[in-house]
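2 protein chains.
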Amino acid sequence: MYAQASAKIELPSHFQQPHPSPAFEGAAVQPVSFFPAGTEIYAQGEKAGVLYQVEFGAVRIYRLLADGRRQISAFHLAGEIFGFEADSTHHFFAEAINSTGVRVYRIASATDMSRQLLPLALKGLTRAQEHLLVLGRQNAIERVAAFLLEMADRQGGLRQVDLPMSRNDIGDYLGLTIETVSRVLTRLKEKGVIRLLSLRSVEILKRDTLLAMGE
Amino acid sequence: MYAQASAKIELPSHFQQPHPSPAFEGAAVQPVSFFPAGTEIYAQGEKAGVLYQVEFGAVRIYRLLADGRRQISAFHLAGEIFGFEADSTHHFFAEAINSTGVRVYRIASATDMSRQLLPLALKGLTRAQEHLLVLGRQNAIERVAAFLLEMADRQGGLRQVDLPMSRNDIGDYLGLTIETVSRVLTRLKEKGVIRLLSLRSVEILKRDTLLAMGE
DNA sequence: TGCCGACATTGATCCTGGTCAACCGCGCGG
DNA sequence: CCGCGCGGTTGACCAGGATCAATGTCGGCA
């Protein structure tokens, strides 16, 4: 429904990098599906049962409160696998942040994937629990610092970090408002800890200072 | 305040009440270990590899920041299993909240437990993600309401809810201070939503009101 | 049964981050 | 090429919850 073909040529080069993907055993590989920026991959309440691997782009996983407040529980970058649930129903929404390609793995119901899924689930659990510490007990500066370090880490620990998501997304991930995120970033910039190469690209100048802040 | 001494005592067999729980296959069952209130079951950094099932009592799982701030990521009540990690190291602390008995399952390294562990990991992941929404986007009243409902739910949905943990524990679970937890509880009491039977026992009088608050 | 200490409640004040609002700047379409 | 709109930044003010402090109460044990 939402997936549609799109021109790969138009994509920024950093979305095109191939990644070393551990293919799934016992799962039928579907062709890559394309999701334009902002489109839904699956919705809360929908039937689950298919796994997704990000080929390029980025995905946000989130829940909503009745009044529209949103909590993003995870971002998924190239190479990462998402879509598994505790039961047969999706408890979250998944949306493409930018133009995103995902490879779909359809699993034969007879196949036992637990051996391959367990490490992923445990990794996700650990990440979620670490995120709980950030949301429950850290202040705005600490949250943003932790976020920048997490993103740098997940992109290979380079000085230059891509932020595929908007300030709004960052805020909804960190439990902050967009204004607070913005203010903290400028404060970090003024302190010489980071440099904003563009809105969506940050260079980390003082990694140790950031580390000291982020915990 | 938080006892660090690990005082593991094995109970005489006539104390070992069995409870209706699905035993593990392929795991050596150890006798029940007894942990007095406040004692450590395992520590962050320790080697993992053993599973625990709460026989009686309650357990808190938490992390600490350098300055002592604490985030409890989960409580485990009777019947629940905890102790599994993404790698061979514990990333969290586990402590007995009250006098607690845990059954230890030692797993032969050859045995593949993933089939049995995956549902538990996924359940934990879902709970953690729901907790993220609470910590990231809900205010104090909503957090406490959600907590009371969660506890009621996990105790069979009865009107009367046992809170095995202190206000401090509740605060560190909800990302609030002990004072705020206390104030919210008195406010709920004044509104006739709950009744405090004792410090550790709450009766839910208006479940629907609580539900509306907890989201 | 009464005492003590830990835990909990309540009150006063402070401060971080939210809210509301104005403005900026870039990219896109007319 | 200009103007519009969206996303981001910045500022002023506000409020929810933290902090600091005093008091209250429960429960365990002598």
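As given, the protein sequences belong to chains L and F, one line each in that order. Every letter in the first sequence is one number past the one before it in our numbering, and letter 13, counting from 1, is 13. Every letter in the second sequence is one number past the one before it in our numbering, and letter 203, counting from 1, is 203. The beta carbon of each residue, even a glycine, is placed where N, CA and C say it ideally should be.
By the DSSP assignment, the beta strand (DSSP E) with residue 181 of chain L in it spans what residues?
Premise fails: residue 181 of chain L lies in the alpha helix (DSSP H), 178-190, not in any beta strand (DSSP E).
Going by the CB atoms, is the gap between residue 200 of chain L and residue 164 of chain L shorter than 9 angstroms?
Contact annotation: residue 164 of chain L and residue 200 of chain L have beta-carbon atoms nearer than 9 angstroms.
Take residue 169 of chain L and list the residues in its own chain whose beta-carbon comes closer than 7 angstroms to its own, dropping the five residues that flank it on each side.
Here the set comprises 60, 72, 97.
In chain order, what residues of the stretch 148-179 of chain L put their CB closer than 7 angstroms to some CB of chain F?
Residues 175.
Anyone know if the C-beta pair for residue 28 of chain L and residue 106 of chain L falls short of 9 angstroms?
A distance below 9 angstroms separates the beta carbons of residue 28 of chain L and residue 106 of chain L.
Tell me, to the nearest whole angstrom, how far the beta carbon of residue 108 of chain F is from that of residue 26 of chain F; I am working on the premise that it is less than 8 angstroms.
Taking a contact as a CB-CB distance under 8 angstroms, the pair residue 108 of chain F and residue 26 of chain F counts as one, their CB atoms being some 7 angstroms apart.
If we count the other Cβ atoms within 10 Å of its Cβ and call it buried at 16 or more, is residue 158 of chain F buried or exposed?
Exposure of residue 158 of chain F is indicated by the presence of fewer than 16 other C-beta atoms within 10 angstroms of its C-beta.
How about residue 118 of chain L and residue 211 of chain L: are their beta carbons less than 9 angstroms apart?
Contact: no.
Any C-beta of chain L under 9 angstroms from that of residue 129 of chain F:
Yes, because at least one Cβ of chain L sits closer than 9 angstroms to the Cβ of residue 129 of chain F.
Nearest-angstrom Cα separation, counted from residue 66 of chain L out to residue 214 of chain F
Rounded to whole angstroms, residue 214 of chain F to residue 66 of chain L spans 11 angstroms at the Cα level.
Report the three-state DSSP secondary structure of residue 208 of chain F (helix, strand or coil).
Correct three-state label for residue 208 of chain F: helix.
Backbone CA spacing between residue 216 of chain L and residue 34 of chain F [nearest angstrom]
Any answer about residue 216 of chain L is impossible in this case: the structure gives chain L only from 1 up to 215.
Return helix, strand or coil for residue 46 of chain F, following the three-state DSSP convention.
Reduced to three states, the DSSP call for residue 46 of chain F is coil.
Quick one, which residues of the stretch 71-102 of chain F are near chain L if we go by CB-CB under 9 angstroms, in chain order?
Within the stretch 71-102 of chain F, contact with chain L at the beta-carbon level (separation under 9 angstroms) is assigned to 71, 72, 73, 74, 84, 85, 86, 87, 91, 92.
Which residue or residues does DSSP assign as beta-bridge partners of residue 160 of chain F?
DSSP, once it has assigned bridges, lists F/203 as partnering residue 160 of chain F.
State the Cα-Cα distance for the pair residue 81 of chain F and residue 42 of chain L, rounded to the nearest angstrom.
Each residue's Cα considered, the two are about 31 angstroms apart.
Taking CB distances under 9 angstroms as the criterion, tell me whether residue 122 of chain L reaches chain F.
Interface residue, yes.
Consult DSSP for residue 79 of chain F and reduce its assignment to one of helix, strand or coil.
Here residue 79 of chain F sits in coil by DSSP.
Is it right to say residue 99 of chain L is buried, meaning 16 or more other beta carbons lie within 10 angstroms of its own, or is it exposed?
Looking at its Cβ environment, which holds 16 or more other Cβ atoms inside 10 Å, residue 99 of chain L is buried.
Which residues in chain F sit within 7 angstroms of residue 69 of chain L, going by Cβ to Cβ distance?
The answer, in chain order, is 137.
Give the C-beta separation of residue 132 of chain F and residue 76 of chain L to the nearest angstrom, bearing in mind that I take them to be a contact with Cβ-Cβ under 8 angstroms.
Not really, about 15 angstroms apart at Cβ, beyond 8 angstroms.
Cβ closer than 9 angstroms: which chain F residues qualify as neighbours of residue 109 of chain L?
Listed along chain F, no residue sits closer than 9 angstroms to residue 109 of chain L by beta-carbon distance, the nearest being about 15 angstroms off.
Could you please give me the residues that DSSP links to residue 59 of chain F through a beta bridge?
Residue 59 of chain F is bridged to F/76, F/96.
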